[in-house]
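Please read the structure below before turning to the comments.
Protein chains in written order, with our numbering: chain A, 1 to 427; chain V, 1 to 321.
This is the structure:
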């Protein structure tokens, strides 16, 4: 009996590699590395496999939860020329880092033309490197200003007409309420700093395409000072709450949902999360009725805000054995119907404006029009191959928020990041 | 083994050497068999430890970024110069040393107490007691780090509410917003998790203390403390030193707790995290390898100090001395 089992095991071990070879003769199986979601990307993969009618199959592999770990895994695999990566869901700030060394397969012109049609500008900007579209815009995210109608009313503010940071800080302070902002030492802090600097008319990196030792930072400027003033004030006067130095997007949502919630800048997932809380009975029904939304707050009264941009674009691996099929599949994935489905079911906004006309989307997101407008106004984070250094360097110097000083922080962070990029300092 | 016994002259103090001079065929065959049995494991160990160490040494001499493979440049000891002249490195080293000293000292005291309890417990309780004490050690470090993080977290944690009667603790205390409080939670989690390990090693040492000595001291009228300080501790010095050495090496390489709880925020960056952030986060293989090599040298230094200066005898702790 034992001998027979042993023979069977050896036979299986010898035949298994042959089975793998035989897989190559059928339609190619494309592996799509996805970021974790509520199963939407797996469903789209299934739909596109059906639509391909035997031309290819798409299987999905899930990447780690946070964007930085996703980047680490993809960059290391691509540096080792991993041919199993056909399609990958990429966080926009990391696209240049993968495009610069040629880790992304060049996009055929006709594909670039097809996937740019009706797509919001923010998504196109974020998927472009050195004037070439290098990734296919999939979904596009942006932060809105979420407000408690009761608080705004008492302060005499109409956020839908546009408000400044100063106005919401004063309103929260006067009513002894808390602001929902992300002060944790994490990517969300970079998102905040970038939105403030861009809204004040500046840029964190002035020449994003430069090499590491020539990168010029724009933090030590009036825009950098304006950003530091806002963050420092919220950190010091307590309007961010005691949890501010460790507050990420989820933590600020919890603050906003609480009794002392007032205004919050956050991604649209908070809407579906709050509704889910009400349905589960953990949050009161009145809360949803008291929540309003508007475009991100301005830094200067006369200047439109540049809200944060996020989302996912699809890259095709340069070492994939099926580049053409992968681009074909990517076009299917970002189809308007799939984007509308993804937005309505998984809560991630579409990059294609046509998807916003879908009745499913309109029902799930009453603020769909504001999201679309915000995406048009949004500014991506610095598009540089050294984004990780810039972002981590910012987090080192702008954290905790209470320590941010407009006279010193922008200058110090500028010098520190420059030294890191030149290889003269550790991060 | 048996050959040694046969060739040993009565009273010979160094059986190993005496045996070497006239090794029988059987002894040689046994030695050969030993090599055949241990050889593959030894080769695997070389492949998975020595090779990466040599590779890291080599990489540390280059300016090499994983996403710019063509720009690799030989810089000699340049990376070491950058690391050793940077305050971030020295800050991380200091924090690592602080965590190592604090946790090892506290663990030694608590571990001793637990070992005594396990040693003296009545037979019927012994099994359950040992299991209970060992539970934290069986938990994966990342899991325990998350558990401690959520316990102290300002939003989800219960510590602030349970202990708000303690001066300094209030619902508004954000443990992970300052260096002192962050390090307190990191150390507490580390101590909770690894004290059982040290207590196990000490329990093995306690078992080696001859009961006759203790009984003799008791008959001579020694107090409990005298028996402990004069009889028990001196007789298990080797076990204590081995426990301290093992834990110190382990604590010096602390990573998980810091990574999960603060990710190095508020001056809590430790050496392992710095090496990780440079090699894996920034993909700067050259600079990161230099930090890893320095971390390795620090570990060797700790071993050297323990073995040469404090004369830790690893063999005697196993009862071979």
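Glycine is no exception: its CB is placed at the ideal position from the N, C-alpha and C atoms.
Are residue 367 of chain A and residue 267 of chain A close, meaning C-beta to C-beta below 8 Å? no
From V:201, V:203, V:202 and V:228, residue whose alpha carbon lies closest to that of residue 213 of chain V: V:228
Are at least three pairs of beta-carbons, each pair with one atom in the segment 290-307 of chain A and one in the segment 371-386 of chain A, less than 8 Å apart? yes
From residue 429 of chain A to residue 35 of chain A, what distance separates their C-alpha atoms? Any question about residue 429 of chain A goes unanswered here, given that chain A covers just 1 to 427.
Proximity test, Cβ basis, 8 Å: residue 72 of chain A and chain V: yes
Among the residues of its own chain, which have a CB less than 6 Å from the CB of residue 277 of chain A, if the five just before and after it don't count? 283
Along the alpha helix (DSSP H) that carries residue 410 of chain A, what are the first and last residues, could you check? 409-421
When you compare the CB positions of residue 227 of chain A and residue 197 of chain A, do they come within less than 8 Å of one another, or not? yes
Would a C-beta distance cut-off of 8 Å place residue 189 of chain V and residue 162 of chain V closer than the cut-off? no
Contact list for residue 169 of chain V against chain A, beta-carbon separation under 9 Å: Within chain A, no residue comes near residue 169 of chain V; the closest Cβ sits about 12 Å away, beyond 9 Å.
Would you list the one or two residues that DSSP bridges to residue 317 of chain A? A:104
Count the other C-beta atoms from every protein chain shown that fall within 10 angstroms of the C-beta of residue 144 of chain V, then say buried if there are 16 or more, exposed otherwise. buried
First and last residue of the uninterrupted alpha helix (DSSP H) at residue 241 of chain V: 237-252
Report all residues from its chain with a CB closer than 7 Å to the CB of residue 198 of chain V; omit the five preceding and five following residues, and keep chain order. 107, 108, 111, 243 and 247
From residue 103 of chain A to residue 326 of chain A, what distance separates their C-alpha atoms? 15 Å
Go to residue 234 of chain A, then tell me how far its beta strand (DSSP E) extends in each direction, as first and last residue. First-last for residue 234 of chain A: 222-236, but that is the alpha helix (DSSP H), not the beta strand (DSSP E).
What is the rounded straight-line gap between the Cα of residue 2 of chain V and the Cα of residue 29 of chain V? With a pLDDT of 37 at residue 2 of chain V, under the threshold of 50, the predicted position of this residue should be treated as unreliable, though the coordinate-derived value follows. Taking the straight line joining both Cα atoms gives about 13 Å.
Once you ignore the five residues that flank residue 162 of chain A on each side, which residues in its own chain have a CB closer than 7 Å to its CB? 295 and 298
Under 8 Å between C-beta atoms, does residue 354 of chain A make it to chain V? no
Measure the Cβ-Cβ separation of residue 89 of chain A and residue 41 of chain A and say whether it is below 8 Å. yes
What are the residues in the segment 216-249 of chain V lying within 8 Å of chain A by C-beta distance? none
Taking only beta-carbon atoms, is residue 67 of chain A less than 8 Å away from chain V? no
Is DSSP giving residue 182 of chain A helix, strand or coil here? coil
Below 6 Å CB to CB, which residues in the same chain sit around residue 78 of chain A once its five sequence neighbours on both sides are set aside? 103
Reference residue 402 of chain A; option with closest CA among V:114, V:178 and V:138: V:178
Can you tell me whether DSSP reads residue 253 of chain A as helix, strand or coil? helix
Does any residue of chain V have a CB that is nearer than 8 Å to the CB of residue 106 of chain A? no
Neighbourhood of residue 164 of chain V by C-beta, 7 Å cutoff - its chain only, sequence neighbours within 5 removed: 170 and 171
Within chain A, the residues that residue 176 of chain V reaches when beta carbons sit closer than 7 Å: 246
Taking 8 Å as the threshold (C-beta atoms), are residue 406 of chain A and residue 142 of chain A in contact? no
Using a 10 Å radius around the Cβ and a threshold of 16 neighbouring Cβ atoms, would you call residue 304 of chain V buried or exposed? exposed
Close Cβ partners of residue 121 of chain A (< 7 Å) along its chain, the five nearest in sequence each way excluded: 376
What do you get for residue 74 of chain V, buried or exposed, if any count of 16 or more other CB atoms within 10 angstroms of its CB means buried? exposed
Considering only residues of the same chain and omitting the five flanking positions on each side of residue 193 of chain V, which have a CB-CB separation below 8 Å? 136, 137, 139, 141 and 144
Could you have a look at residue 341 of chain A and say whether DSSP puts it in helix, strand or coil? helix
Beta-carbon contacts of residue 253 of chain V that lie in its chain and below 6 Å, excluding the five residues immediately before and after: 272
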